[in-house]
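Mapping to our numbering: the sequence shown position 241 is 258, numbers consecutive. All C-beta atoms in this analysis are idealised placements derived from N, C-alpha and C, irrespective of residue type, glycine included. All of these numbers come straight from a predicted model, not from anything done at the bench. To keep things clear, I will list the structure first and then write my remarks on it.
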Amino acid sequence: MNPIVFAKRRPVTTMMLVVALISGGVLASNKMRVDILRPLNTRKIHVYLDSIGTGAKQMKGYIVGQLESYYQKHEEQRHEEHHKLVVTSPKAQDVIITQPYVCQIRSRRNIEVCALEDGYLQEILVSEGQAVKKGDLMFKIKPTLYQARLNAETAEAQFAQREFDNTKLLFEQKVVYANELALFQAKLAKAQAKAELAQAELDFTNITAPFDGIVDRLHEQLGSLIKERDILTTLSDNSVMWVYFNVPEAKYLEYKASLKHENEDQRIELKLANGDKFPQSGKIGAIEAQFNNETGNIPFRADFKNPDGLLRHGQTGTILIHRILHDAIVIPQRAVYEILDRRYVYVVDKDDVVHQREIAVQHTMDDIFVINKGLDGNDRIVLEGVRQVRDGEKVEYELSKPEVVLADQKKHAE
């Protein structure tokens, strides 16, 4: 046993040994210097010193013996633990892969309600946060000028109608020609068109809801002077929410490949900002036409029904895409070690010799790796004792079933 290594591992016992040795040395030196001290040079002192030295030597021998015995047992135990290896096999099973993506939640329809004509805001018939139905009157702009214009145009149209009727009667009596009748008919059509335009302008002062939705913040107050295209409020249709998230190119290709045989096994969930999951499941509604060259992502859209109105325009959350991989090869993470950016396992061959083998990990889960290539269900890999073996070494081991190993994944990796 190397004394330096022993001193580092057992500092307290080493100190005790040193004290014992120093005590024996002091007593021995006192015995040697007895002749110098004339008053103490007696036979009784020599006998007393001899007995003390003998006791010190016995104590030294006892301490050294105990330390050597303890160290020998410890080395034997450590030697046994060093060679205690546990080996298992990869397992083929169905696993659920979850991909999270940060997302933005948008209403299916979210529009700005604007004024189409100038005027004073005469009535506000809705309140912020109110649910409205299609066709409900929301705002009314004071229509004095438009009503006067409509009255004037309506009168012109009535006058043109009478002129046309009189001319038609004269035409039937063959008093006027057909060309004159056509002229008055065109004049009537023009007057009627102006009246319809005035009616439309008057109708624009009554602003109604174009669809069922929820009223947002009111931008103008009662009596405000409104200009054309001024925003009065925002209306959101939250019956179905569109959730947008960005997918990297590699995940996009993986998703498209999975649609060929795993479409029915895909499930999309929405996790809200407080960590709760939205009760409705979603589906992919659209994928944009091109990638963003700066980020390498392509936008996806997932559609969620929102019957209870929990989701609102502008919320954030996390999209969770769950996919089932059938017959995936999985191994415990603690059986894997890394060298630089590569992952390896030790594989035990038929002659119980371990060999280093590189693996490719397809997905990382809580305590297991889903293997893309490098292993199959017939291989045997070192699970416990990965750091104790060397490539090409013959080992003794205990074989543990993969079902038992995967059922208990709470142990820490070495």
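Checklist entry - Would you call the CB atoms of Gln110 and Val347 closer than 9 Å? => result Here residue 110 refers to the residue found at position 93 of the sequence shown. Here residue 347 refers to the residue found at position 330 of the sequence shown. Yes, they are a contact pair.
Checklist entry - Given a threshold of 16 other Cβ atoms within 10 Å of its Cβ, counted over all protein chains shown, does Asp182 qualify as buried or as exposed? => result Residue 182 sits at position 165 when you count from the first residue of the sequence shown. Asp182 is exposed by the Cβ-count criterion.
Next on the checklist: Tell me the DSSP secondary structure of Gln297 in three-state form.
Outcome noted: Working through the sequence shown from its first residue, we reach residue 297 at position 280. Here Gln297 sits in coil by DSSP.
Next on the checklist: Do Phe262 and Met120 have their beta-carbon atoms positioned less than 9 Å apart in this structure?
Outcome noted: Translated into the one-based positions of the sequence shown, residue 120 becomes position 103. Translated into the one-based positions of the sequence shown, residue 262 becomes position 245. In the sequence on display, residue 120 carries Cys and not Met. Yes, the pair counts as a contact, with Cβ atoms nearer than the cut-off.
Checklist entry - Alpha carbon to alpha carbon, how far is Pro349 from Val103? => result Residue mapping note: residue 349 aligns to position 332 of the sequence shown, counting from 1. Residue mapping note: residue 103 aligns to position 86 of the sequence shown, counting from 1. Straight-line Cα distance between these residues: approximately 12 Å.
Checklist entry - Regarding Glu140 and the ligand ZN, is the C-beta to nearest heavy atom distance less than 8 Å? => result By its list of ligands, the structure shown contains no ligand whatsoever, and the ligand ZN lies outside what it can speak to.
Checklist entry - Between the segment 361-378 and the segment 403-418, do three or more beta carbon pairs fall short of 8 Å? => result yes
Item to check | Run of the alpha helix (DSSP H) containing Asp228, from where it starts to where it stops | outcome: On the sequence shown, residue 228 is found 211 positions in, with the first residue counted as 1. The question names Asp, yet the displayed sequence has Phe at residue 228. Counting along the chain, Phe228 falls outside any alpha helix (DSSP H), and DSSP gives it neither H nor E.
Checklist entry - For Asn309, which residues does DSSP report across the bridge? => result In the sequence shown, the residue the question calls residue 309 occupies position 292. Answer is Asn314.
Checklist entry - Does DSSP put Leu423 in a helix, in a strand, or in coil? => result As a first step, residue 423 must be located in the sequence shown, where it is residue number 406. Leu423 falls in the helix class under three-state DSSP.
Item to check | Element boundaries [beta strand (DSSP E), containing Tyr137] | outcome: Counting from 1 along the sequence shown, the entry for residue 137 is found at position 120. 136-141 is the span of the beta strand (DSSP E), which, as asked, contains Tyr137.
Checklist entry - Could you give the distance in angstroms between the alpha-carbon of Val387 and the alpha-carbon of Ala319? => result Taking the first residue of the sequence shown as 1, we reach residue 387 at position 370. Taking the first residue of the sequence shown as 1, we reach residue 319 at position 302. Cα to Cα, Val387 sits roughly 27 Å from Ala319.
Checklist entry - When you compare each of Glu213, Asp425, Glu413, Tyr194 to Asn168 by their alpha carbons, which one comes out closest? => result Position 151 of the sequence shown, counting from 1, holds the residue named residue 168. Out of Glu213, Asp425, Glu413, Tyr194, Glu213 has the C-alpha closest to the C-alpha of Asn168.
Checklist entry - Got a sec? Which residues, its chain only, sit under 6 Å from Lys157 by beta carbon, not counting five neighbours each side? => result For the purposes of this step, residue 157 is taken as the residue at position 140 of the sequence shown. Same-chain partners within the cutoff: Gln139, Glu140, Asn223.
Next on the checklist: With a threshold of 6 Å on Cβ separation, who are the neighbours of Ala215 within its own chain once the five nearest residues in sequence on each side are excluded?
Outcome noted: Indexing the sequence shown from 1 puts residue 215 at position 198. Excluding sequence neighbours, Ala215 sits near Arg166, Leu167, Glu170.
Item to check | Secondary structure of Val364, DSSP reduced to three states | outcome: Walking along the sequence shown from the start, residue 364 turns up at place 347. In the structure shown, the three-state DSSP call for Val364 is strand.
Checklist entry - Per DSSP, what kind of secondary structure is Asp247 in: helix, strand or coil? => result Reading the sequence shown from its first residue, position 230 is the one you call residue 247. Correct three-state label for Asp247: coil.
Checklist entry - Among Ile113, Lys101, Ser106, which one has its Cα closest to the Cα of His343? => result Position 326 of the sequence shown, counted from the first residue, corresponds to residue 343. Measuring from the Cα of His343, the nearest candidate turns out to be Ile113.
Next on the checklist: How far does the beta strand (DSSP E) with Lys288 in it extend, from its first residue to its last?
Outcome noted: Position 271 of the sequence shown, counted from the first residue, corresponds to residue 288. 284-289 is the span of the beta strand (DSSP E), which, as asked, contains Lys288.
Checklist entry - Under a three-way DSSP split, which group does Thr14 fall into? => result Because residue 14 is not part of the residues shown, which for the chain are 18 to 431, the question remains open.
Checklist entry - Are there 16 or more other CB atoms within 10 angstroms of the CB of Glu134, so buried, or fewer, so exposed? => result Translated into positions along the sequence shown, residue 134 becomes position 117. By the neighbour-count rule (16 or more Cβ atoms within 10 Å), Glu134 is buried.
Checklist entry - Per DSSP, what kind of secondary structure is Ser275 in: helix, strand or coil? => result Numbered from its first residue, the sequence shown carries residue 275 at position 258. Here Ser275 sits in helix by DSSP.
Checklist entry - Rounded to a whole number of angstroms, what is the C-alpha to C-alpha distance between Leu219 and Lys244? => result To locate residue 219, count along the sequence shown from 1; it is residue 202. To locate residue 244, count along the sequence shown from 1; it is residue 227. The straight-line gap from Cα to Cα measures roughly 15 Å.
Checklist entry - When you compare only the Cα positions, how much space is there between Gly299 and Pro117? => result Mapped onto the sequence shown, residue 299 falls at position 282. Mapped onto the sequence shown, residue 117 falls at position 100. Looking at the two C-alpha atoms, the distance is approximately 14 Å.
Item to check | Separation of Lys108 from Pro419, as counted between CA atoms | outcome: For this step, residue 419 is matched to residue 402 along the sequence shown. For this step, residue 108 is matched to residue 91 along the sequence shown. C-alpha separation (whole angstroms): 6 Å.
Item to check | Other residues of its chain near Gly230: CB distance less than 6 Å, five sequence neighbours each side excluded | outcome: For the purposes of this step, residue 230 is taken as the residue at position 213 of the sequence shown. So the list reads Leu252, Ser253, Asp254, once near-sequence residues are dropped.
Checklist entry - Quick one, are the C-beta atoms of Ile315 and Glu266 less than 9 Å apart? => result The residue given as residue 315 occupies position 298 in the sequence shown. The residue given as residue 266 occupies position 249 in the sequence shown. Contact: yes.
Next on the checklist: What residue range does the beta strand (DSSP E) around Asn389 cover?
Outcome noted: If you number the sequence shown from 1, residue 389 lands on position 372. Note, Asn389: beta strand (DSSP E), 385-390.
Checklist entry - Which class does Thr333 belong to by DSSP, given the choice of helix, strand or coil? => result Along the sequence shown, one-based indexing puts residue 333 at 316. If DSSP states are grouped into helix, strand and coil, Thr333 belongs with the strands.
Checklist entry - Start and end of the beta strand (DSSP E) containing Phe156? => result In the sequence shown, residue 156 corresponds to position 139, counting from 1. That run of the beta strand (DSSP E) goes 154-158.
Checklist entry - Just to confirm, are Lys400 and Arg351 a CB contact at a threshold of 9 Å? => result For the purposes of this step, residue 400 is taken as residue 383 along the sequence shown, with counting starting at 1. For the purposes of this step, residue 351 is taken as residue 334 along the sequence shown, with counting starting at 1. Reading off the sequence shown, one finds Leu at residue 400, where the question assumed Lys. Their beta carbons are under 9 Å apart, which means Leu400 touches Arg351 by this criterion.
Next on the checklist: What does the Cβ neighbour count give for Ser106, buried or exposed, with the cut at 16 atoms within 10 Å?
Outcome noted: Start at 1 with the first residue of the sequence shown, and residue 106 comes out as number 89. By the neighbour-count rule (16 or more Cβ atoms within 10 Å), Ser106 is buried.
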